[in-house]
Amino acid sequence: MVLGGFILVVLLVVGAFMTGYFLVEIPPANAAATKQSNVYLYADGTEIARDGKVNRENVQLKQVPLTVQHAVLAAEDRDFHSESAVDPKAMIRAAFNTVTGKGKQSGSTITQQYVKNYYLGQEQTVTRKAKEFFIAIKLDREVSKDDILSGYLNTSYFGRNAYGIQAAAQAYYGKDVKKLTTAEGAYLATLLNSPNAYDVATHPENKPRATGRWNYVLDGMVEQGWLGRSERAGMKFPMPDEAKGTAGLSGQRGYVVKAVEDYLTDNRIIDEDRLAKGGYRITTTLQKDRQDAFKKAVEDQVMSKVDKDARKVDRNVRAGGASIDPATGKVVAMYGGIDYTKQYVNNATRRDYQVGSTFKPFVFTSAVENGSVTQDGLPITPNTVYDGTNKRPVQGWSGGAYAPENEDQVSYGRTTVREATDKSVNSVYAQMAVDVGSEKVKDTAIALGVPKNTPDLTASPSIALGPSTASVLDMTEAYATLANHGKHGTYTIVEEIAKDGERIELPDQDATEQAVSREAADTTTSILQSVVEGGTGTAAQGAGRPAAGKTGTAENDTAAWFAGYTPDLATVVAVMGQNPDTGAHTPLYGALGEARINGGGYPARIWAQFTKDALEGEPVKDFDLIVEEGADQPPPPDPTATGDTEEPDTDGGATDGGPTEGGATDGGQGDGGVTDGGPTDGGPTDGGPTDGGQTGDPTGGQTDGGPSTTGGQTDGGTADGGAAQGGPANGGSTGPGETASDGGATDGDVIGGLDP
C-alpha cells in the first residue's frame with residue numbers, strides 16, 4: 013500500500029515534470045532586458061552622455077577579465093561550469109551562508125537568475141518560479157555556458173541605475189570593464205545580492221558588511237584555484253567613486269547627441285529603429301578641451317552680457333558655433349545653445365537663418381574657378397574695379413530689375429573686389445554674381461559644402477547677399493574647404509562606432525576631392541585675410557594668428573555671423589534672435605546694449621577667443637597660398653583722379669541687362685556705355701582718362717516686400733550689410749520673386765547635419 017502510494021506520487025511528479033517541460037517554451041526576451049543606452053564619447057574616450065531609459069551597455073564575455081568572471085562565480089554560483097541548470101545543493105548552501113552570516117546568497121543558479129532577468133521578470137510568484145525552472149533546464153541544453161554567463165553579466169543590476177557589468181564599472185570606478193582589477197571586480201560581484209546596502213560610498217555605515225562580503229568572494233576564488241594566496245593576501249579594499257548622476261542631456265550634451273544621431277541616420281549608417289534600441293558606443297570627433305573652450309568663449313563674450321531685466325530684447329539672444337579641422341574634416345567642437353533642456357533646437361545645425369554676406373566669398377571663388385570676366389571682358393581678380401554705387405542696377409540679368417542697397421545706403425563708387433569684400437559692398441557682389449552666372453555660383457557653393465537642398469539657395473543675383481539658410485555647421489564645412497586649398501573632405505562628427513564589442517563600418521573618412529582649384533580657394537583666402545586685417549572683421553585679430561574671414565548679417569538683424577579660419581582650424585559663429593515663447597525670428601536691435609548686432613562684433617569676438625584658446629600651444633602658421641595670375645597686381649589707376657571727384661548723374665538708367673548711355677571721354681564720345689558693374693567704359697583710353705564714366709541713375713532700390721530702411725549703428729566694426737524690411741540679408745533687396753522666411757524654428761524644424 014505504502015509502496016503503491018510512493019510509486020503513484022513518483023509518477024505524478026514525473027508526469028508533472030514532463031508536462032511542464034513540454035508545455036513551457038523559451039519565450040522571447042522581455043523588453044526591459046534588451047534595452048540599452050547609447051554611449052557618446054569625446055575623441056579621447058571621455059564620456060559625453062548616455063541616452064535611453066536603461067543604463068546598460070552590453071559587452072562580449074571576452075571583454076570581461078577572467079578574474080572578474082571568476083569573482084562573479086565565486087559570489088553567485090561556484091559550480092556553474094559543472095552543475096546542471098537547477099542545483100539543489102546551491103539552495104542549501106545559500107541558506108547555510110545566510111544563517112552563518114557569510115552573506116546572503118541566492119539559491120538559484122546563474123542560469124536561473126539569467127532566465128529571470130532576461131526572459132521573465134522580478135515578480136515573486138509560484139507561476140514565475142515554475143516557468144524559470146523549466147526554461148532554465150531547456151536553456152542549459154540549447155545554449156553554451158559562456159553565452160549564459162555573458163547574458164547574466166549584461167542583465168544583472170548592480171545599483172546606481174547600472175544594469176550590466178560595463179555600466180557598473182563606469183558607475184563605481186569610472187572605467188570600462190576591461191580595465192577592472194581583481195579587487196574591483198570582487199567588489200562589483202559583492203553588490204549583486206544587495207546593491208544599495210553594499211554601496212559603501214553612499215552608505216559608509218555598511219562598510220564592515222561590504223568588506224566581509226568582499227573577503228568572502230576573494231576567499232572563494234582562492235578555494236576554487238582562481239586566485240593565488242599571495243596575491244589575495246596583498247589586496248586592499250577598493251573604495252568606489254562617489255555616486256554621480258548619469259550624464260544626461262543637459263547643457264551641450266543633448267545638442268551633441270542630436271547632431272550625432274542626425275548624422276548617423278541622415279547618412280544611413282544606422283537607422284532610427286536600431287539606434288533607438290540602444291547598445292551603441294559612439295566615439296565622436298569632438299575634442300573636450302575645444303568643446304569647453306567654445307562654451308567659455310560664448311559665455312565670456314555674449315551670455316555674460318545678457319541682462320533680461322534691463323533689456324527685454326536680451327531674452328531673444330541665441331548663439332551657435334562649429335569648428336572643423338580642415339586637414340582631417342573632423343568636427344572638433346560645436347556649440348548648440350545654452351542648455352538642451354531649455355532650448356531644444358541646436359543653433360549649430362538648424363537651417364532657418366539667412367547666412368548673409370558670409371556667402372559672398374563663394375561668388376568670388378566661383379569667378380576664379382570659372383575664369384569669369386566682367387561685362388566688359390576684364391578678368392575678375394582681387395584688384396578688378398567694380399562700381400559700388402548704392403542701388404546700382406545689375407547689368408546682364410534678364411530676370412527683372414534688381415538694384416540692391418548697400419549698408420547704410422553708402423555709395424562707394426569705383427572700388428576693387430578686395431575693397432568691396434572688406435566693406436561687404438552688396439552692389440558689387442550682386443553684379444559679380446551675374447558676371448559669373450548665378451547658376452555657377454550655386455554650383456560652387458554646393459561643391460564647397462553647402463547642401464544642395466539648402467532653403468532659398470536660388471540662382472539669381474541676390475544669391476550673393478546670402479538669403480539662403482545654410483546651418484552654421486554647413487558653412488563651417490564650406491569654409492574648411494577653402495582653408496584646405498579647395499579640397500573637400502569627408503566631413504564627419506563620428507570617429508568610431510561599436511556594438512557588443514564589434515566595430516561598425518563608417519564611410520571612408522580619408523576620401524577627398526578637389527572641389528575647386530587651389531588657385532580659386534587660395535585667392536579667396538587672400539581677400540578674406542584683408543577683411544580681418546582692415547575690413548569688417550578686425551575683431552578676429554584677437555586670435556593672435558594669421559586669419560581669413562567674412563562677416564554677415566541677416567535681414568532685419570535677426571542674425572549676425574562670422575565665418576573664418578586659420579591654416580589649422582575653420583570656425584563659424586552666429587548670434588541669432590529668437591522669441592523664446594513663439595519661436596519666431598526677432599531682430600537684435602538694442603540687444604546686449606548695442607544699437608545693432610553685426611558679424612564683426614560679438615560673433616567675431618567669440619571666434620577670436622575660441623580660436624586663440626583652441627590653438628593654444630600650437631605653432632603659429634601662415635597661409636601657404638597659390639593665387640590666380642594677376643591677383644597680386646595693383647588695381648588700375650582711377651581715371652577720375654585728375655578730374656572732378658564728384659560723381660555726376662546721367663540720364664537714362666540701365667534696363668534689365670541693357671547697356672546704359674555711355675559716359676563721354678575727354679577726347680570724344682564713349683563707345684558704348686558703361687560696363688555692368690565693372691570699371692567704367694571710359695577707363696584709361698588712348699585719349700586719356702574719362703571724365704566721368706559713371707553709370708546712369710541707379711534704378712530700383714525698392715525691395716519686393718516693402719520700403720528699405722537705413723541700417724543702424726554697428727556693434728563693433730564696420731557693418732557688412734544693411735537690413736531691408738522686405739529684402740534679403742545685408743540690406744539688399746530680394747531678387748525677383750524671392751522672399752526670405754522670417755519664421756522661427758520649432759522642434760519639428762529640419763536639423764542639418766554633415767554629408768559624408
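Each residue of the sequence shown is one higher than the one before, starting from 13 at the first, in the numbering used here. Quick reminder that beta carbons are idealized off the backbone N, C-alpha and C, glycines included.
Checklist entry - Can you tell which of ARG225, ILE609, ILE149, GLY263 has its C-alpha closest to the C-alpha of ASP351? => result Within the sequence shown, the letter at position 339 stands for residue 351. Closest option to ASP351, Cα to Cα, is GLY263.
Item to check | Which residues DSSP lists as bridging PHE574, in chain order | outcome: The residue given as residue 574 occupies position 562 in the sequence shown. Answer by DSSP bridge pairing, in chain order: THR563, VAL585.
Checklist entry - What's the call for ALA245, buried or exposed, on a 16-neighbour Cβ count within 10 Å? => result In the sequence shown, residue 245 corresponds to position 233, counting from 1. Per the 10 Å Cβ criterion, exposed.
Checklist entry - Cα separation between SER49 and SER316? => result Reading the sequence shown from its first residue, position 37 is the one you call residue 49. Reading the sequence shown from its first residue, position 304 is the one you call residue 316. Approximately 35 Å between the Cα atoms of the pair.
Next on the checklist: What does the alpha-carbon distance come out to for the pair THR295 and ILE149?
Outcome noted: Along the sequence shown, one-based indexing puts residue 295 at 283. Along the sequence shown, one-based indexing puts residue 149 at 137. For THR295 and ILE149, the distance between alpha carbons rounds to 40 Å.
Item to check | For ILE336, the three-state DSSP class (helix, strand or coil) | outcome: Position 324 of the sequence shown, counting from 1, holds the residue named residue 336. In the structure shown, ILE336 sits in a strand (DSSP, three-state: E or B).
Next on the checklist: Quick check on the burial criterion: 16 or more other C-beta atoms within 10 angstroms. Buried or exposed for ILE288?
Outcome noted: Stepping through the sequence shown from its first residue, residue 288 is reached at position 276. Contrary to the premise, residue 288 reads as Ala rather than Ile in this sequence. The residue in question, ALA288, is exposed, as its Cβ has fewer than 16 Cβ neighbours within 10 Å.
Checklist entry - Which class does VAL375 belong to by DSSP, given the choice of helix, strand or coil? => result Working through the sequence shown from its first residue, we reach residue 375 at position 363. Reduced to three states, the DSSP call for VAL375 is helix.
Checklist entry - In angstroms, rounded to a whole number, what distance separates the CA positions of SER436 and ARG62? => result Residue numbering aside, residue 436 sits at position 424 when the sequence shown is read from its first letter. Residue numbering aside, residue 62 sits at position 50 when the sequence shown is read from its first letter. Distance between the alpha carbons of SER436 and ARG62: 44 Å.
Checklist entry - When the cut-off is 8 Å and only beta carbons count, does ASN227 lie next to chain E? => result In the displayed structure, chain E is absent; only one protein chain is listed.
Next on the checklist: Suppose only complete runs of 3+ residues qualify. What are the beta strand (DSSP E) ranges in the stretch 474-517, listed by chain order?
Outcome noted: Contiguous beta strand (DSSP E) elements confined to the stretch 474-517 occur at 499-501, 506-511, taking only those with 3 or more residues.
Item to check | Residue from THR121, VAL344, SER378, ARG330 whose Cα sits closest to the Cα of LEU600 | outcome: Counting from one through the sequence shown, the residue named residue 600 turns up at place 588. Looking at the Cα atoms, ARG330 is the closest of the given residues.
Item to check | For VAL51, the first and last residue of its enclosing beta strand (DSSP E) | outcome: Residue numbering aside, residue 51 sits at position 39 when the sequence shown is read from its first letter. VAL51 -> beta strand (DSSP E) spans 50-53.
Item to check | Three-state class that DSSP yields for LYS403 in the structure shown | outcome: Residue mapping note: residue 403 aligns to position 391 of the sequence shown, counting from 1. Looking at LYS403 - three-state DSSP - the assignment turns out to be coil, as it is neither helix nor strand.
Checklist entry - Among ASP91, ARG280, ASN218, PHE622, which has the Cα closest to the Cα of GLU235? => result As a first step, residue 235 is located in the sequence shown; it is residue number 223 there, counting from the start. The shortest C-alpha separation from GLU235 is found at ASP91.
Next on the checklist: Taking the alpha helix (DSSP H) that TYR184 belongs to, which residues open and close that run?
Outcome noted: In the sequence shown, counting from the first residue as 1, residue 184 sits at position 172. That run of the alpha helix (DSSP H) goes 177-185.
Checklist entry - Is DSSP giving ALA45 helix, strand or coil here? => result One-based indexing of the sequence shown puts residue 45 at position 33. Correct three-state label for ALA45: helix.
Checklist entry - Can VAL543 and GLU381 be called in contact, C-beta distance under 8 Å? => result Here residue 543 refers to the residue found at position 531 of the sequence shown. Here residue 381 refers to the residue found at position 369 of the sequence shown. No, the pair does not count as a contact, with Cβ atoms beyond the cut-off.
Item to check | Distance, ASP399 Cα to VAL422 Cα | outcome: Your numbering for residue 422 matches position 410 in the sequence shown. Your numbering for residue 399 matches position 387 in the sequence shown. Each residue's alpha carbon lies about 12 Å from the other.
Checklist entry - To which residues does DSSP link TYR347 through a beta bridge? => result Taking the first residue of the sequence shown as position 1, residue 347 is located at position 335. In the DSSP output, where bridge partners are listed per residue, TYR347 has GLY333.
Checklist entry - With a Cβ-Cβ cutoff of 8 Å, do ASP253 and TYR169 count as a contact? => result Position 241 of the sequence shown holds residue 253. Position 157 of the sequence shown holds residue 169. No, these two residues do not count as a Cβ contact at 8 Å.
Checklist entry - Taking all protein chains shown into account, do 16 or more other C-beta atoms lie within 10 angstroms of the C-beta of GLY237, making it buried, or fewer, making it exposed? => result Within the sequence shown, numbered from 1, the residue matching residue 237 stands at position 225. The residue in question, GLY237, is exposed, as its Cβ has fewer than 16 Cβ neighbours within 10 Å.
Checklist entry - What is the residue span of the alpha helix (DSSP H) that ASP231 lies within? => result Counting from one through the sequence shown, the residue named residue 231 turns up at place 219. For ASP231, the enclosing alpha helix (DSSP H) starts and ends at 219-235.
Checklist entry - Which term fits GLN407, buried or exposed, when burial requires 16 or more other beta carbons within 10 angstroms of its beta carbon? => result On the sequence shown, residue 407 is found 395 positions in, with the first residue counted as 1. Result: buried.
Checklist entry - If we count the other Cβ atoms within 10 Å of its Cβ and call it buried at 16 or more, is VAL367 buried or exposed? => result For the purposes of this step, residue 367 is taken as residue 355 along the sequence shown, with counting starting at 1. Per the 10 Å Cβ criterion, buried.
Checklist entry - Expressed to the nearest angstrom, what Euclidean distance is found between the alpha-carbon atoms of ILE516 and VAL446? => result Locating residue 516 in the sequence shown gives position 504, where the first residue counts as 1. Locating residue 446 in the sequence shown gives position 434, where the first residue counts as 1. If you take the alpha carbons of ILE516 and VAL446, they lie about 47 Å apart.
Item to check | Residue environment, ILE638, which counts as buried when at least 16 other CB atoms sit within 10 Å | outcome: Residue mapping note: residue 638 aligns to position 626 of the sequence shown, counting from 1. Exposed is the call here.
Next on the checklist: Going by C-alpha to C-alpha distance, which of VAL76, ASN402, THR548 sits closest to ALA181?
Outcome noted: Reading the sequence shown from its first residue, position 169 is the one you call residue 181. It is VAL76 whose Cα lies nearest to the Cα of ALA181.
Checklist entry - Under 8 Å between the Cβ atoms of VAL269 and ALA87? => result The residue you call residue 269 lines up with position 257 of the sequence shown. The residue you call residue 87 lines up with position 75 of the sequence shown. No; because the gap between Cβ atoms is not below 8 Å, this pair is not in contact.
Item to check | Range covered by the alpha helix (DSSP H) that runs through GLU451 | outcome: As a working note, residue 451 is residue 439 in the sequence shown. That run of the alpha helix (DSSP H) goes 450-460.
Checklist entry - Taking buried to mean at least 16 other C-beta atoms within 10 Å of its own C-beta, is ALA731 buried or exposed? => result Position 719 of the sequence shown holds residue 731. The predicted model places ALA731 with a pLDDT of 37, which falls under 50 and marks its position as unreliable; any figure quoted below should be read in that light. Under this definition ALA731 is a buried residue.
Next on the checklist: Quick check: the Cα distance between TRP226 and ASN208, rounded to an integer number of angstroms?
Outcome noted: Taking the first residue of the sequence shown as position 1, residue 226 is located at position 214. Taking the first residue of the sequence shown as position 1, residue 208 is located at position 196. Spanning the alpha carbons of TRP226 and ASN208 requires a straight line of approximately 15 Å.
Checklist entry - How would you label VAL632, buried or exposed, when you count the other beta carbons within 10 angstroms and need 16 or more for buried? => result As a working mapping, residue 632 is identified with position 620 in the sequence shown. VAL632 comes out exposed.
Next on the checklist: Between the alpha carbons of LEU203 and VAL80, how many angstroms are there, rounded?
Outcome noted: Working through the sequence shown from its first residue, we reach residue 203 at position 191. Working through the sequence shown from its first residue, we reach residue 80 at position 68. Cα to Cα, the separation comes out at about 13 Å.
Checklist entry - Under the three-state reduction of DSSP, which class applies to THR79: helix, strand or coil? => result By one-based count along the sequence shown, residue 79 stands at place 67. Here THR79 sits in helix by DSSP.
Item to check | Top-ranked residue by Cα proximity to VAL66, from GLY240, GLU154, GLY260, MET346 | outcome: Indexing the sequence shown from 1 puts residue 66 at position 54. Distance from the Cα of VAL66 is smallest, within the candidate group GLY240, GLU154, GLY260, MET346, for GLY260.
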